[in-house]
Amino acid sequence: MVDILGVKIAETNLQKACQKISHWIDNKEKKYVCIAPASTIVDCQENENYKKVINGSGMTTPDGMPLVWIGKAKGADIERTYGPDLLQSMSELSQDKGYRNYFYGGTQESIELFVSKMKEMYPRLNIVGAEAPPFRKINEIESDENISKINEARPDILWVGLGSPKQDFWMYNHRDELDASVIVGVGAAFDFLAGIKKQAPFWMQRSGLEWFFRLCTEPKRLWRRYLIGNSKFIFYLLRDRFLSKKRGKVTNGV
Numbered sequence: 050m051v052d053i054l055g056v057k058i059a060e061t062n063l064q065k066a067c068q069k070i071s072h073w074i075d076n077k078e079k080k081y082v083c084i085a086p087a088s089t090i091v092d093c094q095e096n097e098n099y100k101k102v103i104n105g106s107g108m109t110t111p112d113g114m115p116l117v118w119i120g121k122a123k124g125a126d127i128e129r130t131y132g133p134d135l136l137q138s139m140s141e142l143s144q145d146k147g148y149r150n151y152f153y154g155g156t157q158e159s160i161e162l163f164v165s166k167m168k169e170m171y172p173r174l175n176i177v178g179a180e181a182p183p184f185r186k187i188n189e190i191e192s193d194e195n196i197s198k199i200n201e202a203r204p205d206i207l208w209v210g211l212g213s214p215k216q217d218f219w220m221y222n223h224r225d226e227l228d229a230s231v232i233v234g235v236g237a238a239f240d241f242l243a244g245i246k247k248q249a250p251f252w253m254q255r256s257g258l259e260w261f262f263r264l265c266t267e268p269k270r271l272w273r274r275y276l277i278g279n280s281k282f283i284f285y286l287l288r289d290r291f292l293s294k295k296r297g298k299v300t301n302g303v
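Heads up: take any position in the sequence shown, counting from 1, add 49, and you land on the numbering used here.
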């Protein structure tokens, strides 16, 4: 486990993450998985309840390269574990192990296109349901109906694509009501794999420039997250470094 500004990030990679999820399913352990970019770390600094949600997960994987770089600087054996990659790797494993998959998120149009693409890529994947909730805040009756639909399908893995932090709070708040062994929040993975949104070239992902690519493709929606959020992330890191040095001097009696 790597502590980044009080947020617990799993010391993992794609293979290890898949093995852990598979272990939970095989042993009927109920867990939820968060996938954290730098913006999640920032949000956790400003919302203690959100930090509680993230730190209460069975595993929070590093979705952004800055988290990987920080982890490696601390000596951790850690690699980027990206939502779409995790979904694809687990889908491959699900074909072999017969896991039941349910997809929750997106719009009706996008979820239908996504499911169609997944059936093409993974013809033996057991998809037991797919649901696109409304963008507005749903009432208690609608929430109960959605949860009942999911539970009736008896999924081993429930994939949630509502975007962060919404999907993380949703998983946390409903974890005890849902019968799925593992719930995984994967953000925009449905749209990426359906081809609705473009993914950054691999070299940009590996060099930590995916944020710039996404900002260029969705400036109106993402400018605040990346321009303000990235600045805050750097500020919080520098502040933590300064305070750590200050505490060190006090401890040493300087």
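Note that beta-carbon positions come from the ideal geometry of N, C-alpha and C, so glycine has one too.
Asp92 sits buried, since 16 or more C-beta atoms from the chains shown fall within 10 Å of its C-beta. The Cβ-Cβ distance between Ile84 and Val209 does not fall below 8 Å. Take the alpha-carbon of Met170 and the one of Ser143: they are about 13 Å apart. In terms of CA proximity to Gln64, Ile127 leads the group Leu174, Ile127, Phe291. Sequence-distant partners of Ala181 (beyond 5 residues in either direction) whose C-beta falls short of 6 Å from its own C-beta, in its chain, are Gly155, Thr156, Gln157, Ile160. Annotation for Leu211: no alpha helix (DSSP H) segment contains it, and DSSP assigns it neither H nor E. For Lys80, the enclosing beta strand (DSSP E) starts and ends at 80–85. Its chain contains Tyr151, Ala202 as the residues whose beta carbon lies nearer than 6 Å to that of Gly178, once the 5 sequence neighbours on both sides are disregarded; these appear in chain order.
Straight-line spacing of the CA atoms in Leu227 and Tyr81 works out to 11 Å. Taking all protein chains shown into account, Ile277 has fewer than 16 neighbouring C-beta atoms within 10 Å of its C-beta and is therefore exposed.
In this structure, the beta-carbon distance from Ala125 to Glu60 falls below 8 Å. With three or more CB-CB distances shorter than 8 Å, the segment 253–270 counts as touching the segment 102–116. Within the same chain, and ignoring the five residues on either side of Lys281 in sequence, the residues whose Cβ sits closer than 7 Å to its Cβ are Val91. DSSP places Met108 in the strand class (E or B) of the three-state scheme. Contact check between the segment 92–102 and the segment 241–256: fewer than three CB pairs, one atom from each, fall below 8 Å, which does not count as touching.
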